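Right under this line is the structure:
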């Protein structure tokens, strides 16, 4: 068992843990996975540029002759992205024709996601009862 360590980035309010963040990214990039020490409370200084993978969600609203981009967001976690998309779609006006999608991006440390690293992993729609239904996209 390891000794708990107080985080210095958030003035000791959080505890640091060792995680295997970016394991999927490391496998895709052909790099060995590495352990990262993260705080349970704050993002810490290295989180912004070294995540390695991100899930982006967006809502599209049918309007007139086409579609308009509605709410959108991103998260390093798939479940959080699904919750964000679900909440945004349920918040749309009653009777609006909406659909959503979640894309997964994998990129190297210090890099930004590009079109080659993005793939759609889920599509979503509202059923007649107002529930959000997710469909996994084969990729």
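Numbering (the working numbering), first residue to last: 1 to 139. All C-beta atoms in this analysis are idealised placements derived from N, C-alpha and C, irrespective of residue type, glycine included. A quick note: this is a predicted structure, and the numbers were derived from the prediction, not measured.
On the premise that residue 88 lies in contact with residue 71, defined as a C-beta separation below 8 Å, what is that separation, rounded to the nearest angstrom?
The Cβ separation is near 4 Å, so the contact holds.
My output table needs one value for residue 84: the three-state DSSP class, helix, strand or coil.
Here residue 84 carries a helix assignment [DSSP, helix/strand/coil].
Same chain, Cβ closer than 8 Å to residue 98, five either side skipped, listed in chain order
Closer than 8 Å at Cβ, skipping near neighbours: 59, 60, 61, 62, 70, 89, 92, 125 and 126.
Compare the beta carbon distance of residue 105 and residue 118 with 8 Å and say whether it is the shorter of the two.
Cβ atoms of residue 105 and residue 118: closer than 8 Å.
Alpha carbon to alpha carbon, how far is residue 68 from residue 85?
As the crow flies, the alpha-carbon of residue 68 is around 16 Å from that of residue 85.
CA nearest to the CA of residue 64, picked from 132, 96 and 77
The candidate whose alpha carbon is nearest that of residue 64 is 96.
Going along the chain, which residues of its own chain have a beta-carbon closer than 6 Å to the beta-carbon of residue 47, five neighbours each way excluded?
With a pLDDT of only 44 at residue 47, under 50, the local geometry of the prediction cannot be trusted, and the value read off the model is given with reservation. Result list for residue 47: empty, nothing under 6 Å.
Between which two residues does the beta strand (DSSP E) holding residue 119 run?
Counting along the chain, the beta strand (DSSP E) containing residue 119 begins and ends at 118-126.
Backbone secondary structure at residue 79 - three-state DSSP
In the structure shown, residue 79 sits in a helix (DSSP, three-state: H, G or I).
Among 66, 73 and 78, which residue has its Cα nearest to the Cα of residue 53?
Comparing Cα-Cα distances from residue 53 to each of 66, 73 and 78, the minimum goes to 78.
Alpha carbon to alpha carbon, what distance is there between residue 6 and residue 153?
Outside the shown range of the chain, which is 1 to 139, sits residue 153, and nothing can be said about it.
Quick check: the Cα distance between residue 102 and residue 94, rounded to an integer number of angstroms?
Taking the CA atoms as reference points, residue 102 sits about 22 Å from residue 94.
Could you say which of 56, 121 and 82 lies nearest to residue 138 if we only look at CA atoms?
Put simply, of 56, 121 and 82 the residue whose alpha carbon is nearest the alpha carbon of residue 138 is 121.
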